[in-house]
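Engineer:
Residue numbers (my numbering): 47 to 323.
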């Protein structure tokens, strides 16, 4: 992935990676920077960091994340303020402003299969330049032609290019695979439940999602944590992401956690009572 705004600073002083506030943590992110952002839907979204970044006024951002939040939450607040120039995502539903900007030519989109997106981030963080996968073979993912940007009149301004396809013998049968390039970004923004001063992190349940992969891909990883503990308080087997991938940690305390779409079944007891009344 080609990036534009190159990071210029790294860790905080010494092995203690804690910074005082979300604002301080994101202060050096420039306009035009590329970001890998954790989260899935609205689960595990680093909202404090996103709001702090919004307040800086930076724009022209290239963001890699599974999705772009909703209109008033998650990455949607940056999108609504016209701060994002390009999204690399696997799911783009739930956000009408995203749809409007994309179809009107204001936003570039690199649509990527979900598993491939995760592996592109992991590969980037592991120093692997590219990998072959069967996902997308025989489709526009491999053959090219997916609209990345539209003209205001609805015609395609930029389309995805074709990707190299190679044949490998798998279990005695020749199969085609498409070559996918790894992703690295200038910064990563992630949310974790618990972190220590050395940057070791523990996530809560499914809020782990893309966050470890995003952290690996970012040259500078900034983690917001609900609770900060001292080194040694997290047991080695309880650490989901080692501090080697994390450069800054900011404690944000309890944070609001939203659900994109709440679906419930009718209360059977209440329905029965209503029928007998």
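All residues carry an ideal CB built from backbone N, CA and C; glycine is no exception.
All values derive from a computational prediction rather than experimental measurement.
Just to confirm the assignment, what range does the alpha helix (DSSP H) spanning residue 96 have?
Structural biologist: Where residue 96 is concerned, the enclosing alpha helix (DSSP H) stretches over 93-102.
Engineer: State the start and end residues of the unbroken beta strand (DSSP E) segment that holds residue 273.
Structural biologist: Element bounds for residue 273: 264-275.
Engineer: Quick check on residue 305: buried or exposed, where buried means 16 or more other Cβ atoms within 10 Å of its Cβ?
Structural biologist: Result: exposed.
Engineer: Taking the beta strand (DSSP E) that residue 241 falls in, what are its first and last residues?
Structural biologist: Counting along the chain, the beta strand (DSSP E) containing residue 241 begins and ends at 231-242.
Engineer: Taking 7 Å as the cut-off, decide whether the C-beta atoms of residue 253 and residue 247 are in contact.
Structural biologist: Cβ atoms of residue 253 and residue 247: not closer than 7 Å.
Engineer: Which same chain residues, not among the five before or five after residue 207, have their C-beta less than 6 Å away from its C-beta?
Structural biologist: So the qualifying residues of the chain are 190.
Engineer: Which two residues bound the contiguous alpha helix (DSSP H) that contains residue 88?
Structural biologist: Run containing residue 88: none; DSSP gives neither H nor E here.
Engineer: Helix, strand or coil for residue 145, going by three-state DSSP, please let me know.
Structural biologist: The answer is helix: DSSP assigns residue 145 an H, G or I state.
Engineer: Please list the terminal residues of the continuous beta strand (DSSP E) segment that includes residue 295.
Structural biologist: Unbroken beta strand (DSSP E) run through residue 295: 294-297.
Engineer: For the region 283-298 against the region 62-72, do three or more pairs of beta-carbon atoms, one drawn from each stretch, fall closer than 8 Å, so that the two count as touching?
Structural biologist: Yes, since at least three Cβ pairs between the region 283-298 and the region 62-72 fall closer than 8 Å, the two stretches touch.
Engineer: To which residues of the same chain is residue 89 closer than 7 Å at the C-beta, ignoring the five residues directly before and after it?
Structural biologist: The answer, listed in chain order, is 252, 253, 255.
Engineer: Can you give me the C-alpha to C-alpha distance between residue 245 and residue 290, rounded to a whole angstrom?
Structural biologist: Looking at the two C-alpha atoms, the distance is approximately 7 Å.
Engineer: Give me the residue from 150, 86, 187 with the minimum Cα distance to residue 197.
Structural biologist: The residue with the shortest Cα to Cα distance from residue 197 is 150.
Engineer: Report buried or exposed for residue 156, applying the criterion of at least 16 other Cβ atoms within 10 angstroms of its Cβ.
Structural biologist: Flag for residue 156 reads buried.
Engineer: Do residue 85 and residue 106 have their CB atoms nearer than 7 Å?
Structural biologist: It is not a contact, given that the beta carbons lie outside the stated cut-off.
Engineer: Taking all protein chains shown into account, do 16 or more other C-beta atoms lie within 10 angstroms of the C-beta of residue 144, making it buried, or fewer, making it exposed?
Structural biologist: So residue 144 counts as buried.
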